[in-house]
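**Student:** Protein chains in written order, with our numbering: chain A, 1 to 227; chain B, 228 to 526.
After the structure tokens below, expect a handful of questions from me.
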């Protein structure tokens, strides 16, 4: 599903964000991308949605080299990849329903389909009763659920989550990951970048550990780190 | 259909949000296109007037005293014909009756002008065309000094100095006018571009989310482009109204009161101007948005 071949990303000022990374992620996998801040997790995710270009190396998504993708096709790549961020990125003046519906509107879905699917997905994430609430009326955990609903509403085959529990109350963090697990169980490939040791150790998924831009460990049913 | 509604909704809500800037942009577009319209009409009037006069270049009018005899008149004609600079086939003698008829046909709308007259005040005249228009002054002088003409004419008139002045004015008016229009058009483009920049900035969160969920580049751009084009079109409509107001309330009375200048405006030009101004407004708007999108919205 996702293949990185000797991918290196150097930012301005000769800062190595990723160095010689080769990784294969199969369809339907759930992967924790772990490592301390600045280890290259966010860059990894930005490269997958073509927000950044690798300095060298190739990235394949569903056997397509995305480095060769014409810029007008990038939006279609992004429709296949749902994204969730630490800061939620919800629109403050739109309700929960409108925030999720927005992802369907801008990709040209019909009003009828929107009316039908948005409540369904919001129910799936446990917010079926808060359709008309505004983001600032919700807790961090609830806001993150809205953003997951928005990422998932168009049923992308891949879901990327960059520190999704970072701004969520620790007691609610496990609930967020369980939700991602649920989305993974219907066949969605999920990659979650995190430095939450407890979460990683609890859920026991494949772990790809980054340090200073290099993959230092890739382990099935792994833990956060050896100690 | 869905998409169209979306674009319209976004455009209108965005226009509402930055009303003051949008009004300024519309006003500047209106001023520049309004001036364009007036300059085009002004150029037309001037060039028509010059054309009317130009057919008289090289023309000398010799207005005769009423009391001259037939023999004296024939003698004068012979003198004229003897001059090598004169186009002999185009020497015309206009009797007093001819002059009156010509006057009537030039002012068909004002019959009262001549009905008031008890007798014909217009003099008989010779109309002489020189082969080389530049020789007009010289020929007129020589005729005036010829013994056959002494004491027998009222006035000898040549048209060219007036035309020269008019042509000078025309050239200046045309260059200055179009220069002003170009400068104002550039200013309008920049101002529209600023309103679109503000609109882009106001919606940066939405734009970020749109990119994230895979909205196509044109889906993101369209509302901004239509916003610019609507500003341009609004300005154009104001300009069109202004041009018509000027035509009806300023030009028409002016033409009446300065009827002796025989100024004319090609009326059909007015109807050519309407689509040209409308299109100009839309183009200014589209170009302004385009500049803003290029600089501030990398998709």
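Quick reminder that beta carbons are idealized off the backbone N, C-alpha and C, glycines included.
So the beta strand (DSSP E) residue 349/B belongs to, where does it begin and stop?
**Tutor:** Looking up residue 349/B in the second chain gives position 122. First-last for residue 349/B: undefined, no H or E at that position.
**Student:** Short of 6 Å in beta carbon distance, which residues of its chain neighbour residue 459/B, apart from the five on each side in sequence? Order them along the chain.
**Tutor:** Numbered from its first residue, the second chain carries residue 459/B at position 232. Correct list, in chain order: 256, 508, 509, 511 and 512.
**Student:** Look at the alpha carbon of residue 29/A and the alpha carbon of residue 251/B, and state the distance between them as a whole number of angstroms.
**Tutor:** Within the first chain, numbered from 1, the residue matching residue 29/A stands at position 29. Within the second chain, numbered from 1, the residue matching residue 251/B stands at position 24. If you take the alpha carbons of residue 29/A and residue 251/B, they lie about 56 Å apart.
**Student:** Can you tell me whether residue 446/B is buried or exposed, with buried defined as 16 or more other CB within 10 angstroms of its CB?
**Tutor:** For the purposes of this step, residue 446/B is identified with residue 219 of the second chain, where counting begins at 1. It counts as buried.
**Student:** Residues in its own chain within less than 6 Å of residue 421/B by CB, not counting five upstream and five downstream?
**Tutor:** Taking the first residue of the second chain as position 1, residue 421/B is located at position 194. Hits under 6 Å: none found.
**Student:** To be precise: take each residue of the segment 67 to 79 of chain A, compare its Cβ to all Cβ atoms of chain B, and keep it if any distance is under 7 Å. Which residues remain?
**Tutor:** 72, 75, 76, 78 and 79
**Student:** Check the C-beta distance from residue 383/B over to residue 371/B and give it rounded, since I have them as a contact under 8 Å.
**Tutor:** Your numbering for residue 383/B matches position 156 in the second chain. Your numbering for residue 371/B matches position 144 in the second chain. That pair is a contact at about 5 Å.
**Student:** Would you say residue 40/A and residue 18/A are within 8 Å of each other, going by their C-beta atoms?
**Tutor:** For the purposes of this step, residue 40/A is taken as residue 40 along the first chain, with counting starting at 1. For the purposes of this step, residue 18/A is taken as residue 18 along the first chain, with counting starting at 1. The answer is yes: Cβ separation under 8 Å.
**Student:** Look at the Cβ atom of residue 160/A, then the Cβ atom of residue 191/A, and state whether they are nearer than 8 Å.
**Tutor:** The sequence position of residue 160/A within the first chain is 160, counting from 1. The sequence position of residue 191/A within the first chain is 191, counting from 1. Yes, they are a contact pair.
**Student:** Can you give the beta carbon distance from residue 318/B to residue 329/B, rounded, assuming they're within the 8 Å contact cut?
**Tutor:** Start at 1 with the first residue of the second chain, and residue 318/B comes out as number 91. Start at 1 with the first residue of the second chain, and residue 329/B comes out as number 102. The pair is not a contact, with the Cβ atoms about 17 Å apart (cut-off 8 Å).
**Student:** Mapping the DSSP letters down to three states, classify residue 14/A as helix, strand or coil.
**Tutor:** In the first chain, residue 14/A corresponds to position 14, counting from 1. Collapsing the DSSP output to three states places residue 14/A in coil.
**Student:** Where are the alpha helix (DSSP H) runs, 4 residues long or more, that stay fully inside the segment 301 to 337 of chain B, in chain order?
**Tutor:** 323 to 333
**Student:** Going by DSSP, what residue range makes up the alpha helix (DSSP H) through residue 43/A?
**Tutor:** Here residue 43/A refers to the residue found at position 43 of the first chain. Residues 41 to 48.
**Student:** Can you pull out the residues from the segment 429 to 462 of chain B whose beta carbon lies closer than 9 Å to at least one beta carbon of chain A?
**Tutor:** 432, 433, 435, 436, 437, 438, 439, 440, 441, 442, 443, 444, 445, 446 and 447
**Student:** Within the 8 Å Cβ cut-off, does residue 89/A reach chain B?
**Tutor:** Along the first chain, read from residue 1 onward, the residue named residue 89/A stands at position 89. Answer yes: the Cβ-Cβ gap between residue 89/A and chain B drops below 8 Å somewhere.
**Student:** Can you list, in chain order, the residues of its chain with a C-beta nearer than 6 Å to that of residue 101/A? Leave out the 5 residues immediately preceding and following it.
**Tutor:** Stepping through the first chain from its first residue, residue 101/A is reached at position 101. Taken in chain order, the residues that qualify are 114 and 118.
**Student:** What does a CB cutoff of less than 7 Å around residue 45/A pick up in its chain, not counting 5 residues either side in sequence?
**Tutor:** Reading the first chain from its first residue, position 45 is the one you call residue 45/A. 160, 162 and 193, listed in sequence order.
**Student:** What ranges does the alpha helix (DSSP H) occupy inside the segment 63 to 88 of chain A, keeping only unbroken runs of at least 4 residues that lie completely in it?
**Tutor:** 74 to 79
**Student:** When the Cα of residue 479/B is compared with those of 268/B, 244/B and 245/B, which residue comes out closest?
**Tutor:** As a working mapping, residue 479/B is identified with position 252 in the second chain. Residue 479/B has its Cα closest to that of 268/B, out of 268/B, 244/B and 245/B.
**Student:** Using 10 angstroms around the beta-carbon of residue 428/B, count the other beta-carbons present and answer buried if the total reaches 16, otherwise exposed.
**Tutor:** For this step, residue 428/B is matched to residue 201 along the second chain. With a threshold of 16 other beta carbon atoms within 10 Å, residue 428/B falls short and is exposed.
**Student:** Quick one: what does DSSP say residue 422/B is sitting in, helix, strand or coil?
**Tutor:** Against the second chain, residue 422/B aligns to sequence position 195. If DSSP states are grouped into helix, strand and coil, residue 422/B belongs with the helices.
**Student:** I need the straight-line Cα distance from residue 401/B to residue 408/B, nearest angstrom please.
**Tutor:** Position 174 of the second chain, counted from the first residue, corresponds to residue 401/B. Position 181 of the second chain, counted from the first residue, corresponds to residue 408/B. Spanning the two alpha carbons is a distance of roughly 11 Å.
**Student:** Under 8 Å, with one C-beta from each stretch per pair, do the segment 51 to 63 of chain A and the segment 202 to 219 of chain A reach the 3-pair mark?
**Tutor:** no
**Student:** Just mark residue 484/B as buried or exposed, buried being the case when its beta carbon has 16 or more other beta carbons within 10 Å.
**Tutor:** Along the second chain, read from residue 1 onward, the residue named residue 484/B stands at position 257. Exposed.
**Student:** Buried or exposed: where does residue 380/B fall if 16 or more other Cβ atoms within 10 Å of its Cβ makes it buried?
**Tutor:** The residue given as residue 380/B occupies position 153 in the second chain. Its Cβ being crowded by 16 or more others within 10 Å, residue 380/B is buried.
**Student:** Taking Cβ positions only, does residue 233/B come closer than 8 Å to chain A?
**Tutor:** Translated into positions along the second chain, residue 233/B becomes position 6. Yes, residue 233/B lies at the interface with chain A (some Cβ there is under 8 Å from its Cβ).
**Student:** In the DSSP assignment, the beta strand (DSSP E) including residue 95/A goes from what residue to what residue?
**Tutor:** Position 95 of the first chain holds residue 95/A. In the DSSP annotation of this structure, residue 95/A is not part of any beta strand (DSSP E), being labelled neither H nor E.
**Student:** Can you list, in chain order, the stretches of the alpha helix (DSSP H) that have 4 or more residues and sit fully within the segment 158 to 199 of chain A?
**Tutor:** 170 to 185
**Student:** How would you write the range of the beta strand (DSSP E) that residue 56/A sits in, first residue to last?
**Tutor:** Looking up residue 56/A in the first chain gives position 56. 56 to 61 is the extent of the beta strand (DSSP E) around residue 56/A.
**Student:** Note down the Cα distance separating residue 53/A from residue 136/A, rounded to an integer number of angstroms.
**Tutor:** Mapped onto the first chain, residue 53/A falls at position 53. Mapped onto the first chain, residue 136/A falls at position 136. If you take the alpha carbons of residue 53/A and residue 136/A, they lie about 34 Å apart.
**Student:** Of the choices 313/B, 451/B, 437/B and 481/B, whose alpha-carbon is the least far from that of residue 76/A?
**Tutor:** Within the first chain, numbered from 1, the residue matching residue 76/A stands at position 76. Checking every option, the nearest Cα to that of residue 76/A belongs to 437/B.
**Student:** Measure the C-alpha to C-alpha separation of residue 338/B and residue 367/B and round it to an integer number of angstroms.
**Tutor:** Position 111 of the second chain holds residue 338/B. Position 140 of the second chain holds residue 367/B. Approximately 34 Å, taken between the alpha carbons.
**Student:** Ordered along the chain, which non-local residues of its own chain (more than five positions away) have a Cβ less than 7 Å from that of residue 175/B?
**Tutor:** Within the shown structure, residues of chain B are numbered from 228 to 526, placing residue 175/B beyond reach of any answer.
**Student:** Bridge partners of residue 254/B, per DSSP?
**Tutor:** What you label residue 254/B is simply residue 27 of the second chain in a count that begins at 1. None; residue 254/B has no bridge partner.
**Student:** Indicate whether at least one CB of chain B lies closer than 8 Å to the CB of residue 101/A.
**Tutor:** Within the first chain, residue 101/A is the residue found at index 101, counting from 1. Taking Cβ atoms only, chain B never reaches closer than 8 Å to residue 101/A, which makes this a no.
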